[in-house]
Structures are given as C-alpha cells and as structure tokens.
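Numbering (the working numbering), first residue to last: 47 to 182.
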C-alpha cells in the first residue's frame, strides 16, 4: 500500500500501522482481504478523539441534559459523569474484622469526549464557563 508511513510491532501478534490519510486508514479497516485471513483492523479511539474533565457540575444534571446544554467550538461526542468510591469503614450490620463495604456515588466531575485531536480550553454549560483539563 502506497500510503503506509510506518509499521511497528506493538506486542505479540499485534502491529501498529501509520497511514498518510484518513481515507487510507478507513480503507485498510474495511479491506476484505484482512477478514479472509482472520485479521482484525481497527482505529484506536485515542487517534480519533480526546477526553477532557470539567469539575463542579451540579449532581442534578443528567448526562443527556449536560450534552444538550454544553457548548464548545470543538464538537463534543459524549459526556459521562464520573463516580467516586465511598468506603464504609465500619459497616453497621457486619461484625468486627470483616472487610469494609464499598459503594460508588456520582461526583461533581464530568468527562467530555471531543471529536478529533484538539480540545478547547473551556466549555460553557448552562451559560457558566468551566475550565477543561486533559484526561489521559
């Protein structure tokens, strides 16, 4: 293929192929010759999107409402409220020496997935500006 820039071995029976254009990458993923040889090609999400974090988002806002009311110069594909781990040190209904109860509750932090390789420095949610930090 003329559009191949680099081929790297990533692990056991796994390679990473870098191509010049998006079209070449999409053509490679859908190439029927790979399926004939029982090979699977995919484009890593880290190559087509970026994640950012905003904080202090009220708990009463659902993910769908956040997505509908958020604005950014870069297209936002999805949002997800992160959970925080809550450990009950002394469960009331268990005896001493038993392991603590672990629960997860919604946090004030929301992860935003942007289309492409760039993220904006801030986003507006319900006319309130939120600073964005990069999420790895």
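We put the beta carbon where it would ideally sit given N, CA and C, even for glycine.
In this text, all values refer to a predicted model and were calculated from it rather than measured experimentally.
Determine the contact status of residue 176 and residue 122, defining contact as a CB-CB distance below 8 Å. Position 130 of the chain shown holds residue 176. Position 76 of the chain shown holds residue 122. The answer is no: Cβ separation not under 8 Å.
Per DSSP, cross-strand counterpart(s) of residue 150: Sequence index remark: in the chain shown, residue 150 carries index 104 (1-based). For residue 150, which the question treats as bridged, DSSP gives the partners 131.
Of all the options 92, 81, 67, which has the alpha carbon lying nearest to the alpha carbon of residue 49? Your numbering for residue 49 matches position 3 in the chain shown. Out of 92, 81, 67, 67 has the C-alpha closest to the C-alpha of residue 49.
Looking only at C-alpha atoms, which of 158, 98, 180, 92 sits nearest to residue 114? By 1-based counting over the chain shown, the position of residue 114 is 68. Comparing Cα-Cα distances from residue 114 to each of 158, 98, 180, 92, the minimum goes to 158.
Can a CB atom of chain D be found closer than 8 Å to the CB of residue 53? Given the protein chain composition of this structure (a single chain), no chain D is represented.
Where does residue 69 sit, in a helix, a strand or coil, going by DSSP? Counted from its first residue, the chain shown places residue 69 at position 23. Looking at residue 69 - three-state DSSP - the assignment turns out to be helix.
Report the CB separation of residue 103 from residue 171 in whole angstroms; it is logged as a contact under 8 Å. Walking along the chain shown from the start, residue 103 turns up at place 57. Walking along the chain shown from the start, residue 171 turns up at place 125. So it is a contact: roughly 7 Å between Cβ atoms.
Is it true that the CB of residue 71 sits closer than 8 Å to the CB of residue 89? Residue mapping note: residue 89 aligns to position 43 of the chain shown, counting from 1. Residue mapping note: residue 71 aligns to position 25 of the chain shown, counting from 1. Against a cut-off of 8 Å, the Cβ pair of residue 71 and residue 89 comes out as a contact.
Smallest Cα separation from residue 135: which of 109, 145, 69? Against the chain shown, residue 135 aligns to sequence position 89. For the residues 109, 145, 69, the minimum Cα distance to residue 135 belongs to 145.
Quick one: using the 10 Å Cβ neighbour count with 16 as the cut-off for buried, is residue 112 buried or exposed? As a working mapping, residue 112 is identified with position 66 in the chain shown. So residue 112 ends up on the buried side.
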